[in-house]
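Below: one structure, written as structure tokens.
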RNA sequence: GGGUCGGUAACUCCAGCGGCGAGGAGGGCGGACUGUAAAUCCGUUACACGAGAAACACCGAAGGUUCGAGUCCUUCCCGGCCCA
């Protein structure tokens with residue numbers, strides 16, 4: 002896909018605008034405003050908004066809010082289906098190709114940093130599809146022999162990863178072992194290679210943020226609204242149609258906790274408090290992720306008097322970068 | 001006024017048989033992350049002192065018992081509940 006895109010751009014790197022930030026800062030609104038200004042289409046970089054029927058809990062953008070801007074990768078899967086970075090990367094690449102083919106600028110907007118990274122750096126996840134049987138087998142082994150012993154298995158084949166991944170993090174130990182079994186080489190070496198990569202795009206990486214207290218206050222308020230606006234009903238419907246906690250979609254914050262309530266494991270108030278708390282933790286993890294990313298442009302909400310001022314500032318940067326040329330009046 | 005239960009490292013809640021320079025959980029803060037990422041995991045959380053057979057601080061406060069007290073006793077202060 003890169004080749005085709007390069008051709009369209011006369012050999013120059015294709016443009017890509019990224020808008021991200023912690024949950025509830027106002028990414029969606031900003032991305033729509035920017036998209037309208039520069040004639041862009043939006044690709045959602047969100048691991049949960051891909052699922053149909055999960056609208057309230059994911060704070061999914063509504064058709065009205067899209068304001069005529071075309072959005073991609075929203076409502077493309079059923080909640081029963083698994084989803085992961087590789088699938089996202091494939092779909093996002095295709096969307097980018099199409100958008101550029103239409104002569105528009107792709108805007109990758111959403112809060113899943115890992116997904117953004119996979120697209121921006123065109124990370125190679127190589128090999129075949131997920132081998133669920135191997136993964137399950139490894140998970141069972143871990144459960145049987147214990148975290149420490151399981152971690153020792155990794156130490157034998159990939160000592161470097163064993164140092165980097167704590168024994169407690171079984172999920173990542175599983176993946177490291179899985180990689181080794183499949184490819185015969187340590188994942189640490191592979192990651193090392195991938196880390197050297199340069200972005201394949203002429204990109205701008207915006208991180209919209211705000212003061213911590215404001216973000217937290219907004220989260221609390223938004224969760225209350227979700228409950229009022231029917232999140233319990235939304236989750237109940239998903240549960241009725243057979244969704245269980247084991248599904249990736251049900252790992253979403255708001256869904257797990259309400260599911261617990263529906264199963265009688267806690268009160269609605271407790272579930273609600275946990276949703277708020279875990280969303281705050283999530284926001285903090287997102288910020289940690291973005292701080293680590295190279296070449297990001299931080300946009301502090303308090304530095305802008307209005308949404309319009311923010312968008313103008315962003316477009317200025319796009320012009321400087323040669324991503325967007327304002328039309329002559 | 002009487003009774004009763006409680007006041008713990010300092011943001012919150014709680015553990016703590018007379019050997020505690022006091023533990024846990026939550027929250028907060030920081031970090032990791034390359035096929036589950038809204039996942040998963042790690043660290044840290046009073047001030048001062050300072051690595052020494054050596055001390056300041058230390059469980060509401062003050063006394064007492066004891067070789068030794070967060071732990072037992074007395075009084076006081078504060079809070080909850082019950083009775084008047």
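In our numbering, the protein residues as written are 2 to 330.
Yeah, the Cβ is synthetic: ideal placement off N, Cα and C, and Gly gets one too.
Predicted model only: the values in this text are computed from it and were never measured.
Using the DSSP secondary-structure output, state which residues sit across from residue 300 in a beta bridge. 209
According to DSSP, simplified to helix, strand and coil, what is residue 107? strand
With 16 as the cutoff for other CB atoms within 10 Å, does residue 61 come out buried or exposed? buried
Per DSSP, residue 202 is paired with what? BP columns for residue 202 are empty, so no partner.
Determine the extent of the alpha helix (DSSP H) in which residue 331 is found, giving its start and end residues. The first residue shown for the chain is 2 and the last is 330, placing residue 331 beyond what the model contains.
Is the stretch 270-281 touching the stretch 219-227 in the sense that three or more CB pairs, one from each, lie closer than 8 angstroms? yes
Look up residue 95 in the DSSP assignment and say whether it is helix, strand or coil. helix
Touching by the beta-carbon criterion (3+ pairs, under 8 angstroms), the stretch 167-175 and the stretch 143-151: yes
Is it true that the stretch 87-98 meets the stretch 106-124, where meeting means three or more beta-carbon pairs spaced less than 8 angstroms apart? yes
If I follow the unbroken alpha helix (DSSP H) through residue 30, where does it start and stop? 28-39
Where residue 220 falls, given that 16 or more other Cβ within 10 Å makes a residue buried: buried
Starting from residue 268, trace the alpha helix (DSSP H) both ways and give me its first and last residue. Neither: residue 268 is in no alpha helix (DSSP H) and is coded neither H nor E.
Go through its chain and collect everything with a Cβ distance to residue 30's Cβ below 8 angstroms, but skip five positions before and after it. 66 and 308
Reference residue 160; option with closest CA among 186, 141, 135 and 23: 186
Taking just the CA atoms, how far does residue 289 sit from residue 21? 13 angstroms
Which residue from 252, 254 and 264 puts its Cα closest to that of residue 241? 264
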